[in-house]
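Here's the structure, in structure tokens; my notes come after.
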Amino acid sequence: MKDYTEMFEAHDEQRDQRLRNGEYLADILWNYVQPKSVIDLGCGLGFFLKACEAKGASVHGVDGDWVEPLKPEIDKDNYTIHDLNTPFSADKRYDMASSIEVAEHLIPERSEAFVAELCALSDVVLFSAGIPGQGGSGHINLRWQDAWARMFAEHGYNTYDPVRRKMAGHNDAFYWFTQNTLLFAKDGAKTLKVLEEHRIEPNAASYVAKIPYNRRVKSFKKKVARFRDGN
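Numbering (my numbering), first residue to last: -13 to 217.
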């Protein structure tokens, strides 16, 4: 798997904003689910897990060894070093599993197995991954949100959308959270009733936020102008 040291160094420079975004996510989620245990695959420096820990959850993070020298926000005893391009499993299930802007970094052939591994970890999964055209470092597996939703549906997980609109209410929220973040819960899970008003069909999951859309339109207009000027 690619060495993401430089990317995580950039995360370190944005530490305060990323900590706030982790808190926003946790605050929203705790309106619907109050997990006592959370595992995050591709947790990076653990900003989201720190927010979960502050709410009383026991947490466990999984990511590559490039994170170690960059002072993760969670205790190293709660951290597993693992290349997520290879299969991952745990010896227990958690109240909630999460993977936030990670799957786009994995080789495409890992997609279905990665979703299956998340489902094996919990009946409730918080998930976001980059979409086509999103840009970013090391993005080799960009897929629309509905593609991931259908993968979860194959395991009996319903799609819920309680996060994106509320994240957009924060001026310093990263756009990928307002665009990509979905919650999946297994049919029959205890959380279904409180989430029911936010249930959507998988084919309704795809969405493009204003910031990346405007960025792409601006780039396209520049290319058209250069083409026109060259002719």
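Just so it is clear, CB atoms sit at the ideal spot from N, CA and C, and this is done for glycine as well.
Check, Outcome
"G42 - partner residues in DSSP beta bridges", "Note: G42 sits in no beta bridge, so no partner."
"Buried versus exposed, by CB contacts within 10 Å (16 or more), R4", "buried"
"Enclosing beta strand (DSSP E) for D26 [first to last residue]", "23 to 27"
"Buried versus exposed, by CB contacts within 10 Å (16 or more), K62", "exposed"
"Residues that Y143 bridges to, as DSSP identifies them", "K172"
"Cβ separation of S97 and G28, assumed to be a contact under 8 Å, to the nearest whole Å", "S97 to G28, Cβ: 14 Å. No contact."
"Start-to-end residues for the alpha helix (DSSP H) that takes in S97", "97 to 107"
"Contact between the stretch 29 to 36 and the stretch 172 to 188 (3+ Cβ pairs under 8 Å)", "no"
"Status (buried if at least 16 other CB within 10 Å, exposed otherwise) for A12", "buried"
"Run of the alpha helix (DSSP H) containing A12, from where it starts to where it stops", "1 to 15"
"For T167, the nearest candidate out of G50, P148, N127 (CA to CA)", "P148"
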